[in-house]
Amino acid sequence: MSIFMTFRIAFRALARNKMRTALTMLGMIIGVGAVITMVALGNGAQAQIEANIATAGTNIVNVNAGNFTSGGVRGGMGAANTLTAEDATAIREEVQGIRYMAAGITNRNRIIFGNQNWQARISGTDIDLPLIKAWTTEFGTFFSSQDVQTSAKVAVLGATVRDMLFGEGEDPTGQIVRIGNQPFKIIGVMTRKGQAALGEDQDDIVFVPYTTVQKKLMRATYIQNITVSAYSADDTTRIADQIAIVLRNRHKITPPDPDDFMVRTLEEMAAVRVQATETMTMLLAGIAGVSLVVGGIGIMNIMLVSVTERTHEIGLRLSIGARGWDVMMQFLVEAVVLSLIGGGIGIVSGFGFSRALTQFVQWPTSVSVDAVAMAFGFAAGIGVFFGFYPARKAARLDPIEALRYE
Amino acid sequence: MSLISARNLTKTYVVGEVKVHALRGVSLDIDPGDCIAVTGPSGSGKSTFMHILGCLDRPTTGQYFLEDRDVARLSKNELAAVRNHKIGFVFQGFNLLARTTALENAELPLLYNGKSGRASARHKRAMTALEAVGMKPRAHHYPNQLSGGQQQRVAIARALINNPSIVLADEPTGNLDTRTSVEVMEIFQRLNEEQGITVILITHEHDIADYAKRVISFRDGKIVTDSRVEKRRVARTELAALPPPDVTEDEEANRVAATQ
Chain A
1 MSIFMTFRIA FRALARNKMR TALTMLGMII GVGAVITMVA LGNGAQAQIE
51 ANIATAGTNI VNVNAGNFTS GGVRGGMGAA NTLTAEDATA IREEVQGIRY
101 MAAGITNRNR IIFGNQNWQA RISGTDIDLP LIKAWTTEFG TFFSSQDVQT
151 SAKVAVLGAT VRDMLFGEGE DPTGQIVRIG NQPFKIIGVM TRKGQAALGE
201 DQDDIVFVPY TTVQKKLMRA TYIQNITVSA YSADDTTRIA DQIAIVLRNR
251 HKITPPDPDD FMVRTLEEMA AVRVQATETM TMLLAGIAGV SLVVGGIGIM
301 NIMLVSVTER THEIGLRLSI GARGWDVMMQ FLVEAVVLSL IGGGIGIVSG
351 FGFSRALTQF VQWPTSVSVD AVAMAFGFAA GIGVFFGFYP ARKAARLDPI
401 EALRYE
Chain B
1001 MSLISARNLT KTYVVGEVKV HALRGVSLDI DPGDCIAVTG PSGSGKSTFM
1051 HILGCLDRPT TGQYFLEDRD VARLSKNELA AVRNHKIGFV FQGFNLLART
1101 TALENAELPL LYNGKSGRAS ARHKRAMTAL EAVGMKPRAH HYPNQLSGGQ
1151 QQRVAIARAL INNPSIVLAD EPTGNLDTRT SVEVMEIFQR LNEEQGITVI
1201 LITHEHDIAD YAKRVISFRD GKIVTDSRVE KRRVARTELA ALPPPDVTED
1251 EEANRVAATQ
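Put into C-alpha cells, the structure is as follows:
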C-alpha cells in the first residue's frame, strides 16, 4: 500500500474517536511542551549570564580569601582572614597590566533612617569599584580616596536600599543614616542595575570605604576579596597566575600546601555559572522528558485498545490480501501520526508558554531550533517505539481467528 | 488441467492437550468455471477446508495445488498475494468496514495489490465492480445506510475487484431473507456463467446448494458425497416468478438508516 494511503487511513481512524485521540495527544502535548519550555528557560538564563558578562567586561580577575576547593574542614570563600590590604598593595606593585583594583570586605547590617530600617549588604570597597564595573551614580558621587584613608563614615546607597528608606526616586544625599548604631552620611545613590543572572538584586547594597567596615563595623584587619581589572581581556589569565605567585610568596605557601585564597577570572566564573545552568537545564528537561515517556505509554495503551477493537477489521484486511507488513504499517503510522500531531501542538504550546513566562514573570526564555528539532524527533521516536508493539501484535494476528473475533 | 487440486489434505489443531482432527485426508479436483456448494454439519471440516482453499490457512499435511502451484509451501506474504490476486472472499456477515463508503469498501483489495495506481483509476474499477452487482447508485452510501442484501452485494463487488479466478463464499445467504438470498445467488450464477469465475460456496441450506452445479458434503473431516446437481435451480427465472417485494430496497435501506 502506498504510504500516502496509509497516512490517510491513519488520519481517518484517529478522526473516528476524536475524544480518545485528543486525550492521547494531550500526553504528548504536555511532554513536548514541558521539554521545550524547560530548555527555553535554561537557554534564556544562560543567554542572560553571557550578556551580563559581556557588559561587565571580560577583563576582571577576582581574588577571594579562603579556598573551598581544597579538602578538609575549611571555612569557605571569604572565611580565611589571611588576606590583607597590604596584599592588595603588593599585587598592584608587582603585577604588570593591572588597570583598576579594589579591596573588599562585606558586612550584613541594619541601616536605619528615621522610623525606616532595612537589612542590607554593607559592601566595604575601594574607589576603583565603579570604574571596574562601569557603574555610575544617580545622585551625588562615589566616595573618594581620602574617605578611604580616613575611614570616613560615608555611604553610597544602592537603588533598592534608597527606595526602602526614602522612597522611590528620592535624592537622599546629605542625610544621615545609622548603620550598626553609628551615623553615616549619604553622599550618593547608584544608578539602578537590576537583577543579576541568577536573580539576586544588585541594588540591594550599600557601598562604604573598606577601611570603614574594617575599623568601624567589624574591627577586622583583614579583607575578604580583591577585584582587579586588566587593561586587556587577553591578559587576565597571566595576571591571575602572577597574583597567585605574589600571594603564595607573601603567605609563605609552598606548592604541596593548599592556597588560602582563590584567584579566578570572570570568564572562569562565568563558565562555572553557565555550566551550572546547563546542568539545571538538563535536569529540568530530563524531568519533562519523563512526561514525554508517560505520553508515549499512553499512546501504546490506546493503540493496544485500538488493535483489540479492530481485530475483525484486521482479519478482513488480511483475508483480502494485506500482508502482515501492511497491517503493521497501518498501526505504526497511526501511532506516529498521534505522536507527531501531539508533538506539533506541544511545540506550539511550549513556544506560547515560554513567551508567557517572559511576559508575565519576566523570566528570560529562548526557544532554540535545536530543542524544537529534538522534541519533534523524540515525539516521532516515541511514536515508533511505543507503536511498534501494538502494531506487531496486529500484524501477527491469525486471519481466521481475527475474522471470528466479535 | 484442474484449477484446484487437493491431495490428501489433513489439518490437526491442538486445543489444550487434545488433538482435533479437522480434516482427515481430503482429495479433490475442481475444474475452472465450476460452481460448487460445500455442505455439511458444523464441525464437519468444511470451514477448515475453505480456509485452506482460500489460503488463509495451511494444511498440516498434504498438497494443495492452485493453478498447478503448491500453495501449501508458500510463505505468509506469498499467501497474502494469492488471496489478493486469485481469490475473492464473501462472508456471511458481509465484513464491510464501518464508516467507509461502499465505493471505498469495494476498492479495498486494490490497496494491497502491490501496484500503487492512481486514486481515480481505483475509483473507476470499483465503480465497474459495483455496477456489476447493481450497486452503482449507492456507491457513496455507508454500510449502515444499506440493507443486508445491498451490503452483501458490495462485499461481492469487493471480492471481484482484482478479477479473481475463484470466489469463495462462506454462508453468503446466512443473514439474508429468501428473496434477497435468491438475488445474491443470481449474481453468483451470473458471474459463473458470464465471466467463467469459479464459485465455491459453503452452505448448510440444501435449497441454496441446489443453485450450484456440484455439491460436495463433508462429515467428520472427510468428503462423504460428491455429486453433480441434477435439477439445478436458476435464480434468474425464480426471481422473475417471485412476487415483487413488499417494500422496495430503497425504503428498506431508509428504514435501516433511520433506526441507527
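In order, the protein sequence lines correspond to chains A and B. Going by the working numbering, the first sequence opens with residue 1, and the numbers climb by one from there. Going by the working numbering, the second sequence opens with residue 1001, and the numbers climb by one from there. All C-beta atoms in this analysis are idealised placements derived from N, C-alpha and C, irrespective of residue type, glycine included.
Does the separation of the CB atoms of residue i and residue j fall below 9 Å?
i                   : j                    : result
glycine 1040/B      : phenylalanine 1218/B : yes
alanine 120/A       : valine 161/A         : yes
leucine 403/A       : arginine 1083/B      : no
threonine 1101/B    : histidine 1140/B     : yes
isoleucine 179/A    : isoleucine 122/A     : yes
alanine 276/A       : glutamine 330/A      : no
phenylalanine 386/A : glycine 289/A        : no
aspartate 126/A     : tyrosine 222/A       : no
isoleucine 341/A    : methionine 25/A      : yes
leucine 1146/B      : arginine 1158/B      : no
asparagine 225/A    : leucine 83/A         : yes
isoleucine 111/A    : glycine 124/A        : no
proline 1059/B      : asparagine 1105/B    : no
lysine 216/A        : lysine 185/A         : no
leucine 292/A       : methionine 28/A      : yes
tyrosine 1112/B     : alanine 322/A        : yes
threonine 279/A     : isoleucine 132/A     : no
arginine 1153/B     : valine 1182/B        : no
glycine 1215/B      : valine 1234/B        : The question names glycine, but residue 1215/B in the sequence shown is valine. No; because the gap between Cβ atoms is not below 9 Å, this pair is not in contact.
glycine 1054/B      : leucine 1023/B       : no
valine 263/A        : aspartate 241/A      : yes
valine 1015/B       : isoleucine 1200/B    : no
aspartate 1068/B    : serine 1165/B        : no
aspartate 128/A     : serine 229/A         : yes
aspartate 1057/B    : isoleucine 400/A     : yes
asparagine 1175/B   : glycine 1134/B       : no
methionine 1127/B   : leucine 1103/B       : yes
Our contact map puts residue i next to residue j with C-beta atoms below 8 Å; I'd like the distance itself, whole angstroms only.
i                   : j                    : result
isoleucine 1296/B   : lysine 1011/B        : With chain B running from 1001 to 1260 in the structure shown, residue 1296/B is simply not present.
isoleucine 1223/B   : valine 1026/B        : 6 Å
serine 1002/B       : aspartate 1029/B     : 4 Å
threonine 347/A     : isoleucine 36/A      : The sequence shown places isoleucine at residue 347/A, rather than the threonine named in the question. At roughly 6 Å, the Cβ-Cβ gap stays under 8 Å, so isoleucine 347/A and isoleucine 36/A are in contact.
phenylalanine 113/A : leucine 165/A        : 4 Å
alanine 1132/B      : phenylalanine 1094/B : About 17 Å separates the two Cβ atoms, so there is no contact after all.
valine 32/A         : alanine 375/A        : 5 Å
threonine 407/A     : glycine 44/A         : Outside the shown range of chain A (1 to 406) lies residue 407/A, about which nothing can therefore be said.
leucine 397/A       : threonine 311/A      : 7 Å
alanine 270/A       : isoleucine 3/A       : Going by Cβ atoms, the distance from alanine 270/A to isoleucine 3/A rounds to 49 Å, so no, they are not a contact pair.
arginine 1099/B     : arginine 273/A       : Actually they are not in contact, since the Cβ atoms of arginine 1099/B and arginine 273/A sit about 58 Å apart, beyond 8 Å.
leucine 1130/B      : tyrosine 1064/B      : With a Cβ gap of about 32 Å, leucine 1130/B and tyrosine 1064/B do not count as contacting.
Please report the distance separating the alpha-carbon of residue i from that of residue j.
i                : j                   : result
glutamine 214/A  : glutamine 362/A     : 38 Å
methionine 77/A  : glycine 66/A        : Unreliable positioning characterises methionine 77/A in this predicted model, as indicated by a pLDDT of 49, which lies under 50. The coordinate reading is nonetheless provided below. Distance between the alpha carbons of methionine 77/A and glycine 66/A is about 5 Å.
leucine 284/A    : phenylalanine 351/A : 16 Å
glycine 75/A     : valine 369/A        : Its pLDDT being 48, under 50, glycine 75/A is placed unreliably in this model, and the value from its coordinates should be taken loosely. Answer to the nearest angstrom: the Cα atoms are 44 Å apart.
alanine 90/A     : valine 246/A        : 8 Å
arginine 1122/B  : glutamate 1107/B    : 6 Å
isoleucine 205/A : phenylalanine 143/A : 15 Å
alanine 391/A    : leucine 316/A       : 16 Å
threonine 1237/B : threonine 1180/B    : 14 Å
aspartate 61/A   : threonine 191/A     : Correcting the residue identity first, residue 61/A is valine in this sequence and not aspartate. Each residue's Cα considered, the two are about 24 Å apart.
glycine 174/A    : glutamine 202/A     : 23 Å
glutamate 267/A  : glutamate 94/A      : 23 Å
methionine 218/A : threonine 212/A     : 9 Å
proline 1244/B   : glutamine 1150/B    : 17 Å
isoleucine 49/A  : glycine 344/A       : 30 Å
lysine 1136/B    : proline 1109/B      : 18 Å
arginine 1125/B  : asparagine 1163/B   : 10 Å
serine 1042/B    : glutamate 1205/B    : 12 Å
leucine 1239/B   : glycine 1033/B      : 23 Å
serine 70/A      : aspartate 260/A     : The predicted position of serine 70/A is uncertain, since its pLDDT is 48 and thus under 50; a value taken from the coordinates is nonetheless stated next. Looking at the two C-alpha atoms, the distance is approximately 9 Å.
Using a cut-off of 7 Å between C-beta atoms, extract the partners of residue i located in chain C.
i             : result
leucine 397/A : Among the protein chains of the structure shown, namely A and B, there is no chain C.
Measuring CB atoms only, is the stretch 99 to 106 of chain A touching the stretch 297 to 308 of chain A, in the sense that at least three cross pairs come out at less than 8 Å?
With the cut-off at 8 Å, the stretch 99 to 106 of chain A and the stretch 297 to 308 of chain A do not touch.
Contact between the stretch 1081 to 1098 of chain B and the stretch 1164 to 1175 of chain B: three or more CB pairs below 8 Å?
Contact holds: three or more Cβ-Cβ distances are below 8 Å.
Could you say if the stretch 333 to 341 of chain A and the stretch 6 to 22 of chain A meet the contact criterion of at least three C-beta pairs nearer than 8 Å?
Verdict: yes, contact present.
For the stretch 215 to 294 of chain A, which segments carrying the alpha helix (DSSP H) assignment without a break, of at least 4 residues, lie completely within its bounds, in sequence order?
Fully enclosed alpha helix (DSSP H) runs of no fewer than 4 residues occupy 236 to 251 of the stretch 215 to 294 of chain A, in order along the chain.
What are the complete alpha helix (DSSP H) segments, minimum 4 residues, inside the stretch 1090 to 1114 of chain B?
Entirely contained in the stretch 1090 to 1114 of chain B, the alpha helix (DSSP H) runs reaching 4 residues are, in chain order, 1102 to 1107.
At which residue ranges does the stretch 9 to 68 of chain A contain complete beta strand (DSSP E) runs of 3 or more residues, listed in the order of the chain?
60 to 65, all fully within the stretch 9 to 68 of chain A.
Minimum length 4: unbroken alpha helix (DSSP H) runs contained in the stretch 311 to 360 of chain A:
Entirely contained in the stretch 311 to 360 of chain A, the alpha helix (DSSP H) runs reaching 4 residues are, in chain order, 311 to 319 and 324 to 356.
List, from N- to C-terminal side, the beta strand (DSSP E) runs of 3 residues or more that fit wholly inside the stretch 157 to 200 of chain A.
Counting only runs of 3 or more, we get 176 to 179 and 182 to 190.
Beta strand (DSSP E) runs wholly inside the stretch 369 to 400 of chain A, at least 3 long, in chain order
Restricting attention to beta strand (DSSP E) runs no shorter than 3 residues, the stretch 369 to 400 of chain A encloses none.
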